[in-house]
Amino acid sequence: MVKIGDIELNDFPLLLAPMEDVSDPPFRALCKEQGADVVYTEFISSEGLIRDAAKSRKKLDIYEKERPVGIQIFGANLESMLRTVEIVEQSNPDIIDINFGCPVKKVVSKGAGAGILKDIDLMVSLTKAMVKHTNLPITVKTRLGWDESSIKIVEVAERLQDVGCAAISIHGRTRAQMYKGSANWAPIAEVKNNSRMHIPVFGNGDVNTPEKAMEMRDKFGLDGAMIGRASIGNPWFFKQVKHFFETGEHLPEITIADRVEMAKRHLQLEIDWKESEIVGVMETRRHYTNYFKGIPHFKEYRLKMVTSDSAQDVFNVFEEVLQKFA
308 MVKIGDIELN DFPLLLAPME DVSDPPFRAL CKEQGADVVY TEFISSEGLI RDAAKSRKKL
368 DIYEKERPVG IQIFGANLES MLRTVEIVEQ SNPDIIDINF GCPVKKVVSK GAGAGILKDI
428 DLMVSLTKAM VKHTNLPITV KTRLGWDESS IKIVEVAERL QDVGCAAISI HGRTRAQMYK
488 GSANWAPIAE VKNNSRMHIP VFGNGDVNTP EKAMEMRDKF GLDGAMIGRA SIGNPWFFKQ
548 VKHFFETGEH LPEITIADRV EMAKRHLQLE IDWKESEIVG VMETRRHYTN YFKGIPHFKE
608 YRLKMVTSDS AQDVFNVFEE VLQKFA
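At position 20 of the sequence shown (counting the first as 1) the number is 327 in the numbering used here, and the numbers step up by one without a gap.
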């Protein structure tokens, strides 16, 4: 059994990674029903919450069916982060996660996300203060280091654990790599195999097949896998991994009918959550390429999906896809 604070999870849990513009409540709900053990919100700016920015506030929406659910926040200012904890607590999440790994320039330039990997002392002091400021478990998502010459993740993980971090998820790339090259899980295994470590150590990066998930579990000995890009347009991925673990076999390929049904549900959930047809339609567009990935001669239909502004038009395209390809 794996535990995050008092939250008990199965052996080798699968976690839905926090992804900007992806892991909103509709998508989290679909992943949860397909086997995700823990889901995380999109990352939320501490400064945005303090300013009461509508977009940041909306990201705090969580629902009972998602639990256990973590709200992820980012920032580099102690006072702002502590105030953010107080705001986040009002949404009653199960976990508060700190993003120390986002590599994008607009976040890093403010010293937040992966930018804090240049100042490990600040990273540790922020975590310590936040742990003391709440009764909720504080977890961390980070990267191996700023660049290849500054990888000290074993020491960093120890220090975070020592100040009360309840679990750590590590992406197997440096900030300098962004998302290029292959994720290196060996340093994550070093963290896990450190005799001083007793909190869960989750691996992240390039877990895009059931075999990769099994390798992370059996070869690298990690406590669980955090799934990101492999789940976009493919919430079935969690079920596929668990089936493979149990049977050693792959689930049958997802049918066209199943893909259409999931895309329809996703669109409707998005419209309902946003309380706006046009916003729901636009927010779901980024998923269609992956929902219908690998279907030959699909360009015409995909183009219609991502250029239609009305929900009915998109639903009509879904029906065309069923008639043409199912």
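Note that the Cβ used here is the ideal one computed from N, Cα and C, for glycine as well.
In the DSSP annotation of this structure, the continuous segment of the beta strand (DSSP E) that includes T446 starts and ends at 445-450. Below 8 angstroms, too few C-beta pairs join the region 418-435 and the region 497-509 to call them touching: fewer than three. In this structure, the straight-line span from the alpha carbon of I351 to that of V498 is close to 27 angstroms. In this structure, V514 is the residue among E349, V514, G382 with its C-alpha nearest to the C-alpha of L529. Judged by DSSP secondary structure, L322 falls within the beta strand (DSSP E) whose first and last residues are 321-323. For N406, the enclosing beta strand (DSSP E) begins and ends at 402-407. Y598: member of the alpha helix (DSSP H) spanning 584-598, first to last residue. Taking C-beta separations shorter than 7 angstroms and ignoring five residues to either side along the sequence, the partners of Y598 in its chain run G540, R566, M569, A570, following chain order. Rounded to whole angstroms, the Cβ separation of F551 and M521 is 7 angstroms, and the two are in contact under 8 angstroms. Judged by DSSP in its simplified three-state form, Q379 adopts strand. In this structure, DSSP gives L610 a helical state, which the three-state scheme calls helix. Taking 8 angstroms as the cut-off, the Cβ atoms of T446 and G555 do not count as close. Pairing K487 with P333, the inter-Cα distance amounts to about 29 angstroms. With 16 or more other Cβ atoms inside 10 Å of its own Cβ, D404 counts as buried.
Counting the other Cβ atoms within 10 Å of the Cβ of K339 gives 16 or more, which makes it buried. Between the region 415-426 and the region 390-400 there are fewer than three C-beta pairs closer than 8 angstroms, too few to call the two in contact.
Non-local beta-carbon contacts of M326 in its own chain, meaning distances under 7 angstroms to residues more than five positions away in sequence, involve E349, G535 in chain order. In the pairwise beta carbon analysis, the region 447-456 is classified as touching the region 472-491: at least three pairs are separated by under 8 angstroms.
Counting only runs of 4+ residues, the alpha helix (DSSP H) found wholly inside the region 343-402 occupies 353-357, 361-365, 385-396, in chain order.
DSSP places F545 inside the alpha helix (DSSP H), whose first and last residues are 544-554. For G422, the secondary structure class from DSSP, reduced to helix, strand or coil, is helix. Its Cα nearest to that of D428, the residue A464 stands out among W580, H440, A464. In the DSSP assignment, the residues bridged to H478 are R450, N511.
C-alpha of A493 to C-alpha of S502: approximately 16 angstroms in a straight line. Its chain contains P444, A473 as the residues whose beta carbon lies nearer than 7 angstroms to that of G312, once the 5 sequence neighbours on both sides are disregarded; these appear in chain order. Leaving aside the five residues that flank N317 on each side, the residues in its chain whose CB is nearer than 8 angstroms to its CB run, in chain order, M308, V309, D344. Ranked by Cα distance from L574, the options S617, F632, R466 are led by S617. If the five residues before and after G471 are omitted, its C-beta is found closer than 8 angstroms to the C-beta atoms of T434, K435, V438, K439, I445, all from its own chain and listed in chain order.
Looking at the DSSP output, M533 sits in a beta bridge with L322, N511. For V613 and N491, the gap between their C-alpha atoms comes out near 35 angstroms.
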